[in-house]
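For reference, the structure discussed in these notes is given below.
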Ligand code: B12
Ligand code: B12
Ligand SMILES: Cc1ncc(COP(=O)(O)O)c(C=O)c1O
Ligand SMILES: Cc1ncc(COP(=O)(O)O)c(C=O)c1O
């Protein structure tokens, strides 16, 4: 491996600033809950299904909000009703959905009985999740670990059944990770759609049924060819932890799960997003799911050289948010991207420097590397070549997950053959340059090294500023991606609640305990 | 620039062996002449034209051979007749062609008069050539030097007029050198065809008219865009020095001109080829034409790793043959190729090692680097990517001339658009990795360095063996490219003649003198 | 002796005039063998091609095979009869436009831009409008002669027209980047129909842009102009300036 | 719920069954502007395509422009009716073939190979014949059951048939790599016609090979079998062995 020469102190400083930024939000993460967190609890208790477009977990939580009872947590109310009525969680929820039950009107049952009911449900679900984790681990024991860099391709037909065909074909060609792209702007839905998608727009919805259908397809083809194929989707937006829970249940392996994406790029309220990501990441940590972050988003609108430091800063913030949720570095797919204008002189050197900086800062993370997209044009030959250089940088810098660039990036969501050509590209380049970095050293006084130091310095300065004024103020001032967001602006603030003294979330408690979080 | 770590001694040894191989052929080069050398002399004296398919220089030389008078050199006989008859060289030649003149039957004229006639003709032609050289130099002064690596593309439609259109388009897109591919197997023609080609096979013939047509086209487009565009063709085969002479007259800038290609790959007699290349290279040297050698040919039939040393050995032999003809290193486009099987692990490292070795051995030569051809497939996307990696190695190792790889290499001779896409590929890669090698060092104990040393060692051993047994014996034993050739086998031996005591070649004399050759 | 092209009968060109040679790449639900290859040939031959060369094929799994081919078409096109509507106003730089507007129109023009409906790609409209501009050309926000408002992404047609009414806008700029299932056509049509229904269509200039939009399409859809890939603020500003100068 | 393919009506596939989507790349003697783009569209539309998207164009100089496009074809192919002639003998490895010949034929077979006429590409025929073989399969020269002679490049049909007569050959192997202007068809036809004229066509097996040759074409040209890209000595040896065993 090639090494940058960077003063360790600088890295420690930057990390310390990021840690300060994150820990100063403890008041929020410990004392508040949100509607989607409570819906997640209900889902983990086994409540599913929808009435029309509205999922039953939403109906129950809305009911508790209306009754001003959500502050105690949804778990208690449903468990109380279960004990009182001798019914299952689903039956209770159905009752609420049918308008036949007012959970707050049911007399309080013996605390022990309620707790016992919750304990049982928690035990059942966590065992289920553990079984999925074990399945994954066993499969890896049987078939070996995931390749590095892993070949990650997307399917985005909008029909989950077409997606399965395309995913299986991609796996046969060498893909390690299949990402099912979401129908656009699911972030803004304050619920999780129900059932299988056949006419999504630019993707399918992240639904439990879709997860299940794709998981089955990938397990089938994986068994056949002797490989455990990873499945990924987005735990993101106004229903972030619910999607994480579904992923845990249906054995997704990777989840796009950024701490700040929703705030910046989807105008979701910052308190809401930070709360939701806290619990969603905890679920991912518990289920052994690898998270991925969305730093590439900064570079689709900003210049990749000028704003390189924003990527670095975001990476370190995402790292700290992940740590407090119990995610280990081995499961942190921190993101970045190959998005420098290819007409720039020495663009390869710039990209190498940036990618190497990411690896240097986060040596044990399966970094998620995004392909050239912004400068892809309709010239498929040129885009294919850019992707080749991108693949080379990935191999040279030991990236974890390679989101394969498509030669048709500027034209359409990937065709079947585009994916095959992309995989072939990566396999050739990875193999041809396999040990190239064993052969070379980066000069200490060269541009690559200086550039990485410059970016780190800029990030450091930026993080210091944010740490000083606080993340919320910094966002209000448009420090991130030139986008201004206020503490009480954005979508979903209504779904944020201060917990009361009796608040109880049995899943979070158990997960914290098992993950050794305070 | 990156550096290999190679013991200088090894290089000196290898070079000394090559020198020994070449100097031991002095008896041949000094004491013999050939039919095409004599035809070249006639052409330089201004004799041109053809009767039917047969060029007049051929008729005159055949006449002298028939009369057993060629041993004195053709110059004398024609000059003698010119003095006797008071006619021009062309008129004398026409007379011979018409069967009206027997040159050997004309009484010997006063030696001084004959010499004076020859002197004048020599002066005229050498001035013409010098004027062309000056034109080239002036053009470079005006428009700047050729780019490095230069972008070299071929035109091969078989119609010289189509070729001009395609060449001009390529120049507009960025090409620095245009190679007009020869109609196949011109090597085997013991004459130079006459006139413009419109239905060549896989290329047009190397004829003086074709040279002129293309030169004009390139000068036009060059003036328009402000660049002096180099033109290249093949001085190769049974009419090697004649083609060199035509190139000198029509201001070609580069000539494929290998010392051994004809012997090995065209079964031309070895004495004939070595004699012819000696004079042809002298003409190129005199005219400031850059030669290129054909080491890539070894790798189209042999494995590029296993037989890498044959490339190195041939490079050093070609270098020595070039030196004795007066070619400076700055004009020696010694060849090699990117022809390693791309499915091999670390193929990039191998290629880098081999290319760097070539540059290390011949640091001042504008090395000519051939693209992947053998492993190109009908998959144009993959071939395009291979070409990208080839371009990167070229930029990293400071090659002189980049023969651009075509994505359709396995399919057809280049289409108009194939060339444009190839140029775009190279321009992107060259620019993106422009100063990459300023950033890195090659590890002394790494594979790349070891591999280069191994190849050099193998070449050294091989050259020592050849030096010991002599080039002719080595060829007879199939030491080169596994092809066996004997001293008296192959085509064209009949055209080799021992000079008699009165032999005189006014051009060779003058060139030797001006080039400071012994 | 050079090759001579007849513009009334142009054909694809590989390396010889009128050879008609073209490159194709496509997948078929067919096996990766001689039978599949034959199927690929039949597809091309039914498209009227000949000299078909399937130069590569590869199994994609799940019953699909990828083919790369070259073949000749006999189709010709008469270039002389093709008239495409294009924006024909000359292009001025920022300073020139500012002076032109001052001299010929004499007032500030209000421009409102948005990426409408489901589309969230703002980079294109930003390139045209934002202060800092794009590729060394400043955006409309920096022009003294414009009062420019960029509403950003996912703005509904209703919101856009309401804002236009509120600010008494002179020009509306609409961006559409996503084109899957012709969503851009639907969105652009919806906006213009709504403007017509509200009786404001002719009170303002309606300009649209995006990678799959050109002037011709824009006119067809009822807009005043359309701008594709590689458009700059200068193009748009000049068009607006000339248009309003003429109107006056 | 998975997608279901009707083999009697297959169509190119982009990302949705039967979308007919294909990729095109070609040059036209047309300008690099909207007019040229329209000309490119017309070419494709005359080929029966719709949903035409010219996603890229670039000036190539000298009046030419390169276009890259995607478009949908409505052409369908009935896969079930396509029957292609292919070499159907099972493939044995060298040892198996040697044993098979010993047991079923009981004599050494003489094989003569050449790359004929103007073609100088020997790598292909070498791959099949040479001792050292190709891609981990030894060539016919190493087979005990064959007496193999590789005549190399640019062998005229006359020379080849003369040598065959001289050695009383059982099998002739012909390689043709260059295909420009269908030169391979001409050369292969010339050889077989000459063999017929000399009355030796049926005395020997005539096999041919090269990147643009397949079994079907070989049969059409009057050969016994044809071998394309990716053929190995094992394929050829097995075919010969089975053929001679049957004949006996
Ligand atoms: C950046 C980007 C994003 C960013 C957008 C960030 C942002 N704030 O804009 C993010 C990551 C958010 C994104 C998301 C998605 N994207 Co997107 N994205 C791109 C990408 C990489 C670049 C687009 C771009 O910025 N181009 C640069 C600008 C300068 O060019 P331009 O937009 O063409 O604009 C120029 C001209 O067209 C013109 N112009 C444009 N608008 C206007 C307006 C006027 C009035 C005028 C005068 C001129 C004009 O002038 C501009 C300057 O020259 C393209 C791929 C590509 N390389 O093109 C995909 C692409 C456009 N995205 C695509 C898709 C599918 C999506 C998603 C739906 C994916 C998903 N399922 O989540 C989402 C959803 C977005 C949504 N709801 O619309 C597809 C669209 C496929 C299609 N043809 O329909 C593409 C082609 C990628 C692909 N191959 O799949 N994307
Ligand atoms: C190597 C090579 C050369 C070498 C040949 C060295 C040699 N001794 O063979 C040299 C440099 C001499 C050369 C010269 C020329 N070449 Co060349 N060459 C190639 C190249 C790069 C590779 C061919 C090759 O070796 N393939 C590897 C072998 C193993 O594959 P194969 O030949 O297909 O053989 C396999 C099968 O087809 C089959 N097979 C083949 N023959 C037979 C026979 C039998 C009986 C059987 C059973 C099977 C069989 O089995 C083999 C193993 O699987 C190709 C481009 C390419 N990548 O394909 C161009 C190519 C073939 N050459 C080409 C041309 C034009 C030429 C020249 C005419 C150029 C010129 N103007 O000088 C000359 C002239 C040669 C001539 N007179 O024929 C063109 C042909 C265009 C066309 N379609 O017609 C190509 C495609 C390059 C290009 N894009 O322009 N070439
Ligand atoms: C972190 C993250 N979440 C979600 C998405 C996309 O989903 P949506 O359109 O629902 O915001 C993206 C897209 O890049 C992303 O980076
Ligand atoms: C040195 C040299 N001369 C000539 C040629 C080709 O010409 P011919 O076919 O006439 O031998 C080549 C082809 O690669 C070559 O390398």
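Protein chains in written order, with the numbering used here: chain A, 11 to 528; chain B, 11 to 528; chain C, 11 to 258; chain D, 11 to 258.
For glycine and all other residues, C-beta sits at the position ideal for the given N, C-alpha and C.
Using a Cβ-Cβ cutoff of less than 6 Å, which residues in the same chain neighbour residue 223 of chain C once the five nearest sequence positions on both sides are dropped? 236, 238
Grab me the residues of residue 45 of chain A's own chain with a C-beta within less than 6 Å of its C-beta, minus the 5 sequence neighbours each way, in chain order. 71, 505
Who are the Cβ neighbours of residue 372 of chain A in its own chain at under 6 Å, not counting the five residues just before and after it? 344
Could you name the residues of the region 167-183 of chain A whose beta carbon sits closer than 8 Å to any beta carbon of chain D, in the order they occur along the chain? 167, 169, 171, 172, 174, 175, 176
With 9 Å as the limit, tell me which residues of the region 30-57 of chain D have their beta carbon closer than that to any beta carbon of chain A; keep them in chain order. 31, 33, 35
Three or more C-beta pairs closer than 8 Å, one from the region 261-274 of chain A and one from the region 319-333 of chain A: is that the case here? yes
Would you mind telling me which residues of chain C sit closer than 8 Å to residue 423 of chain B, beta carbon to beta carbon, in chain order? 25
For residue 14 of chain C, is the classification buried or exposed, using 16 other Cβ atoms within 10 angstroms of its Cβ as the cut-off for buried? exposed
Opposite residue 243 of chain A in the DSSP bridges: which residues? A:265
Using the Cα positions of residue 340 of chain A and residue 66 of chain D, report the straight-line distance between them to the nearest angstrom. 42 Å
Name the chain D residues that come within less than 9 Å of residue 73 of chain C, Cβ to Cβ? 15
heavy atom of ligand 4 below 8 Å from residue 282 of chain B C-beta: no
Quick one: which chain C residues come within Cβ less than 8 Å of residue 389 of chain B? 66, 68, 78
Candidates B:250, B:494, B:389: which alpha carbon is nearest residue 502 of chain B's? B:250
Chain-ordered neighbours of residue 398 of chain A on chain B, where CB pairs are closer than 8 Å: 395, 398, 399
Taking a cut of 9 Å between CB atoms, which residues from the region 426-451 of chain B lie near chain D? 426, 427, 429, 430, 431, 434
Per-residue DSSP class, three states only, for residue 158 of chain D: strand
Counterpart residues of residue 122 of chain D in DSSP-defined beta bridges: D:159, D:182
Quick one: Cα of residue 527 of chain B to Cα of residue 335 of chain B, how far? 7 Å
Can you tell me which of the three DSSP states residue 192 of chain B falls into? strand
For residue 139 of chain D, name the three-state secondary structure that DSSP assigns. helix
With respect to the beta strand (DSSP E) encompassing residue 31 of chain D, which residues constitute its N-terminal and C-terminal limits? 31-38
Interfacial residues, the region 338-368 of chain B to chain A, with Cβ spacing under 7 Å: 352, 355, 356, 357, 358, 359
CB contact below 9 Å: residue 453 of chain A versus chain B: yes
Going by Cα to Cα distance, which pick from A:244, A:185, A:13 is closest to residue 70 of chain C? A:185
Are the CB atoms of residue 105 of chain A and residue 97 of chain A within a distance shorter than 9 Å? yes
Counting C-beta neighbours from all protein chains within 10 Å, is the total for residue 241 of chain B 16 or more, i.e. buried, or is it exposed? buried
Give the residues whose C-beta lies closer than 6 Å to at least one heavy atom of ligand 3, in chain order. A:192, A:194, A:195, A:196, A:197, A:244, A:246, A:247, A:266, A:268, A:271, A:276, A:304, A:307
Report buried or exposed for residue 233 of chain D, applying the criterion of at least 16 other Cβ atoms within 10 angstroms of its Cβ. buried
Which value, in whole angstroms, describes the spacing of the CA atoms of residue 278 of chain B and residue 198 of chain B? 8 Å
So residue 380 of chain A is in the beta strand (DSSP E); what residue range does that whole segment cover? 378-380
Is there at least one non-hydrogen atom of ligand 2 closer than 8 Å to the beta-carbon of residue 394 of chain B? no
Would you list the residues sitting across from residue 42 of chain B in a DSSP beta bridge? B:508
Determine the direct distance from the alpha carbon of residue 183 of chain B to that of residue 213 of chain B, and round the result to whole angstroms. 22 Å
Alpha-carbon spacing of residue 265 of chain A relative to residue 210 of chain A, whole angstroms: 20 Å
In whole angstroms, what is the alpha-carbon distance linking residue 381 of chain A and residue 397 of chain A? 7 Å
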